[in-house]
Structures are given as structure tokens and as C-alpha cells.
Amino acid sequence: MKVVYLWLIKLFSMMNVWRSKNKIVYVMSFSDNVDFIKQLAQKLPHKYKLYVLYRSNTEAAATDLAAFGINTRSFSDGLKFVLSDVSLLMSAKLIICDNYYAFLGGLIKLPSTKIVQIWHADGAIKKFGWQDPTTEQRSSSDKKRFQKVYDHFDEYIVASKAMGQVFVNSYHEDFDKIQLLGYPRSDQYLSQDWQQKARERIYRSAPELKNRRVILYAPTYRAHQDFKLPKGLGSALVADPNAVVVIKLHPVLRDREVSMRRIGNPKIKFYHELETSDLLAVADTLVTDYSSVAFDFSLLPNAKSMIFFMFDIDSYKKDPGIQDDFLDWLPVEPVYKVEQLRKQIAESKAVNFEKFNQHWNTYNDGHATARVIDRYVKFLESN
101 MKVVYLWLIK
111 LFSMMNVWRS
121 KNKIVYVMSF
131 SDNVDFIKQL
141 AQKLPHKYKL
151 YVLYRSNTEA
161 AATDLAAFGI
171 NTRSFSDGLK
181 FVLSDVSLLM
191 SAKLIICDNY
201 YAFLGGLIKL
211 PSTKIVQIWH
221 ADGAIKKFGW
231 QDPTTEQRSS
241 SDKKRFQKVY
251 DHFDEYIVAS
261 KAMGQVFVNS
271 YHEDFDKIQL
281 LGYPRSDQYL
291 SQDWQQKARE
301 RIYRSAPELK
311 NRRVILYAPT
321 YRAHQDFKLP
331 KGLGSALVAD
341 PNAVVVIKLH
351 PVLRDREVSM
361 RRIGNPKIKF
371 YHELETSDLL
381 AVADTLVTDY
391 SSVAFDFSLL
401 PNAKSMIFFM
411 FDIDSYKKDP
421 GIQDDFLDWL
431 PVEPVYKVEQ
441 LRKQIAESKA
451 VNFEKFNQHW
461 NTYNDGHATA
471 RVIDRYVKFL
481 ESN
């Protein structure tokens with residue numbers, strides 16, 4: 101079915117190669133770059149129009165963009181996408197993607213169109229692409245299909261040479277494609293105005309977090325694993341009697357919350373309605389594992405400590421895998437047992453994020469949005 105689907109995309113691409121290239125298309129499956137998209141829309145040369153194709157999980161962000169006057173359109177893989185959205189993509193001078201999108205493997209790539217990967221994370225602890233150990237188990241046709249998608253990208257926007265090298269290794273691409281511009285999504289974490297507004301948003305909904313040590317537990321999404329939290333985790337997280345613990349599971353793991361709520365500790369809170377990014381602005385300690393949320397938290401002035409609780413590291417190394425050199429650049433040694441976690445929370449030792457940020461957030465200086473927009477507006481004006 102995948103082969104037939106990509107063949108249909110290719111066919112409809114060929115039927116639409118004649119279209120004028122007067123559109124910009126942002127393909128969205130993460131809602132972190134809303135401000136960047138708005139600013140891009142304002143800076144575009146007059147002959148270009150911006151469209152956002154969005155996955156259903158980013159509907160709130162798309163509604164915000166639509167209210168701003170930007171054309172938005174929900175999409176999912178299927179015949180409707182082939183019939184209605186391929187023609188839009190074939191009329192684009194610039195396509196910006198924030199993720200891996202399989203449909204690119206069937207899209208006709210024209211020399212006049214630039215396709216840019218803006219990604220959705222400042223760094224990488226977990227592996228993906230060719231670095232994922234499970235990729236070797238895939239069929240040769242699957243591997244060829246994956247590489248075809250990777251090769252469609254003309255440029256990769258990154259915030260560090262380290263992340264650029266991750267794409268070189270993961271996608272088998274040349275470093276010449278890497279653009280050291282910084283991630284637009286990182287600008288908010290370095291903005292005092294955003295930090296203040298984020299705190300206000302949190303305290304309006306959760307005033308009990310104010311003037312308390314806030315410990316945020318935000319584990320990553322497990323795509324192929326049964327996520328089972330270790331016994332005693334709840335009591336370990338509340339090892340500091342003066343702290344409040346906020347648990348923020350990935351939306352896909354929301355059903356696992358039931359078992360955590362059984363702990364019944366009033367110091368453990370769940371706030372579905374609050375954004376993880378906003379919660380980072382009030383957290384003193386972040387407890388995570390392989391999540392890219394660590395790269396965001398380290399930019400914030402309120403970030404006092406971070407704990408990497410990798411209780412399932414043996415299975416995670418097998419699927420999807422962890423960067424081979426992760427122990428060289430993590431800001432602290434990871435912990436693997438509940439008792440180690442309990443001790444770290446109770447001790448609450450401050451962490452120095454300077455080297456960590458130099459390694460991964462090199463070009464995240466609060467001005468990434470301006471640099472990225474400037475580069476692609478100049479590209480559009482020159483054509």
C-alpha cells in the first residue's frame with residue numbers, strides 16, 4: 101500500500117509541475133513554531149502566500165494561525181491528501197518541514213523549489229533515521245524509501261555543529277546542507293517577556309505552584325514499548341517534603357496516568373491543560389530521560405537542576421537507541437534506580453548547564469527567528 105500511495109503522489113506531482121511557484125508551505129506536526137510562522141508571514145515578499153498543512157494534533161496552533169490570517173489546512177496521509185494537497189506542494193517555492201514526512205518520498209523534487217528541515221528539537225539523546233538500531237531490520241525497499249525522503253531536504257536548520265552531525269549520521273547527508281542558524285522555537289526561552297507571561301499563565305491556573313520548589317517529571321514518548329513506571333517512583337519524586345511534583349506525560353501515554361494517580365499523594369499534580377513549555381518556566385528541577393525537553397529547560401534562568409532517570413536504558417538502547425557519546429555531554433550523570441532518583445531529588449544539587457548549552461544550544465541566542473527568516477526571504481527575493 102505504501103508503494104501505491106507514493107506512486108500516486110508521484111503521478112499527481114507530475115500532473116502539477118506546471119504550476120507557478122508562488123506559495124510557501126509549512127508542514128506542521130509540532131506547535132512550537134507558531135511565532136516563527138507568524139513573523140515569516142509578515143516578512144514574505146508580496147508575490148508569495150503562506151500555507152500551513154497541519155496534523156490534527158496541532159489543531160489549536162493552526163486555529164491561532166488562521167486567526168492571524170494565515171491559510172491553514174488539516175492533512176493526513178490518504179487519497180484526500182493526494183487529490184487536494186499535492187497540487188499545493190507543487191506550487192511551493194519553499195517548503196519547511198518540522199518532522200520526517202513519508203509523502204516526500206513520492207513528491208517530484210524540482211530544482212526551483214527548496215525544501216528545508218527545521219525539526220522539532222534542539223538536540224538529540226535518542227537515535228533516529230539510519231542510527232536507529234531497528235532500521236537495519238527493515239527491508240531494502242523500506243531503506244530506499246527512507247533515504248529518498250532524507251534526500252529531498254536541501255537544508256537542515258540546526259542550533260549546533262553537534263546536531264548537524266546527528267543529521268549527517270542519521271540521514272546520510274553532507275554537512276554542506278547544514279545551516280547553523282539556531283532554532284526559532286528556542287527564542288521564547290531566552291525572552292524575559294515570554295518567561296514572565298509563561299509564569300503568569302501557570303500561576304493563574306495553578307497558584308499552588310507559586311513560591312514552591314517545582315519538580316517537573318516529563319518522560320519521553322515510547323513509540324514501540326509498553327511504558328511501565330518502576331515501583332516506588334511516586335515516593336521518590338516527593339523526596340523533598342517542601343516541593344510540589346508536576347507529572348507531564350506525553351499525550352500518547354495519557355492512559356498510563358491512571359496508575360500514577362493511584363499513588364494518591366497530594367503533592368503530585370497533573371495539569372493536562374498546561375503546556376509543557378510553560379511549565380518549564382516555573383520548574384526548578386526537571387526529571388526526564390531521553391526527551392529533548394532537556395535542551396529547552398537548560399536555556400531558562402530558573403533551571404537549577406536536572407535529573408536523567410533512565411530506568412529502562414537497556415531496552416531503550418535497542419529501540420530506538422541512544423547517541424553513542426551521550427555520557428560525554430550530559431550535564432549530570434544519569435541515574436537508573438528509584439533509590440538513586442530519591443537521593444538526587446532530596447539533595448537538590450545545582451547543575452551547571454554552560455558546557456551542555458555550548459555543545460547543543462550554540463546558536464540559540466534569542467535571535468534565531470530573525471536569522472532564519474532573513475535567509476529564506478533573501479532566497480525568495482532572488483528568484
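Using the working numbering, you'd call the opening residue of the sequence shown number 101 and step up by one each time. Just so you know, even glycine gets a beta-carbon here, dropped at the ideal spot from N, CA and C.
### Query
In or out: Lys180 buried (at least 16 other Cβ within 10 Å) or exposed?
It counts as exposed.
### Message
Please state whether the Cβ-Cβ distance between Asn464 and Tyr283 is less than 8 Å.
### Response
yes
### Message
Just verifying my parser: in three-state terms, what is the DSSP assignment at Tyr317?
### Response
strand
### Message
Excluding the 5 residues flanking Leu290 on each side, which residues of the same chain have their C-beta closer than 8 Å to its C-beta?
### Response
Leu399, Asn464, Asp465 and Gly466
### Query
In terms of residues, what are the limits of the beta strand (DSSP E) holding Met406?
Where Met406 is concerned, the enclosing beta strand (DSSP E) starts and stops at Ser405 to Phe408.
### Query
Which word fits His252, buried or exposed, when buried means at least 16 other C-beta atoms lie within 10 angstroms of its C-beta?
buried
### Task
Can you check the segment 150 to 195 for any alpha helix (DSSP H) of at least 4 residues that lies completely inside it and give the ranges in chain order?
Complete alpha helix (DSSP H) runs here, min 4: 159 to 167, 179 to 184 and 186 to 189.
### Message
Can you tell me where the alpha helix (DSSP H) holding Leu333 begins and where it ends?
### Response
Where Leu333 is concerned, the enclosing alpha helix (DSSP H) stretches over Leu333 to Leu337.
### Limits of the beta strand (DSSP E) - the one that Lys369 falls within
Ile368 to Phe370
### Task
Assign Asp198 to buried or exposed, taking buried as 16 or more other Cβ atoms, counted over all protein chains shown, within 10 Å of its Cβ.
buried
### Task
Using beta-carbon positions only, say whether Ile218 and Asn157 come within less than 8 Å of one another.
no
### Query
CB-CB under 7 Å to Gly421, same chain, minus the five flanking residues each way: which ones, in chain order?
Lys226, Lys227, Gln231, Asp232 and Pro233
### Task
Check Ala450 in the structure and name its three-state DSSP category.
Ala450: coil per DSSP, three-state reduction.
### Query
Can you tell me the Cα-Cα spacing of Gln265 and Glu308, whole angstroms?
43 Å
#### Entry: Neighbour-count burial assignment, Lys123, 16 or more Cβ in a 10 Å radius
buried
### Task
Report the option in Lys214, Ser241 and Ala161 whose CA atom is closest to the CA atom of Met101.
Ser241
### Neighbourhood of Ser305 by C-beta distance below 8 Å, restricted to the same chain and skipping five residues each side
Tyr371, Glu373 and Leu374
### Coil, strand or helix - Lys123 by DSSP
strand
### Task
List the endpoints of the continuous alpha helix (DSSP H) containing Gln142.
Val134 to Lys143
### Task
Please go through the segment 206 to 231 and give each complete beta strand (DSSP E) segment of 3 or more residues, from N-terminal end onward.
214 to 217
#### Entry: Residue span of the beta strand (DSSP E) that contains Glu373, given as start and end
Taken as a continuous stretch (DSSP letters only), Glu373 belongs to no beta strand (DSSP E), as it is neither H nor E.
### Task
Assign Ser482 to one of two classes, buried (16 or more other C-beta atoms within 10 Å of its C-beta) or exposed (fewer than that).
exposed
### Query
Whole-angstrom Cβ separation of Arg299 and Ala343, contact assumed at under 8 Å?
With 8 Å as the limit, Arg299 and Ala343 do not qualify as a contact, their Cβ atoms being about 17 Å apart.
### Proximity of Thr376 and Val387 at Cβ, strictly below 8 Å
no
### Query
If you compare alpha carbons, which of Ser129, Ala262, Lys478 and Asp412 is closest to Phe395?
Ala262
#### Entry: Complete runs of the beta strand (DSSP E) confined to the segment 267 to 300 [at least 3 residues]
278 to 280, all fully within the segment 267 to 300.
### Query
For Met115, does the count of other Cβ atoms within 10 angstroms reach 16, so buried, or fall short, so exposed?
exposed
### Task
Check Tyr463 in the structure and name its three-state DSSP category.
Note: Tyr463 maps to coil in three-state DSSP.
### Coil, strand or helix - Leu430 by DSSP
coil
### Message
Using the Cβ count rule (16 or more neighbours within 10 Å means buried), how would you classify Lys391?
### Response
Sequence inspection shows Ser at residue 391; the Lys mentioned does not correspond to that position. Buried is the call here.
#### Entry: Neighbourhood of Phe246 by C-beta, 6 Å cutoff - its chain only, sequence neighbours within 5 removed
none
### Task
Determine, using beta-carbon pairs with one atom in the segment 176 to 193 and one in the segment 138 to 158, whether at least three such pairs fall under 8 Å.
Cβ pair count under 8 Å is three or more, so yes.
### Task
Using alpha carbons as the reference points, say which of Val314, Pro330, His220 and Lys214 lies closest to Lys277.
Lys214
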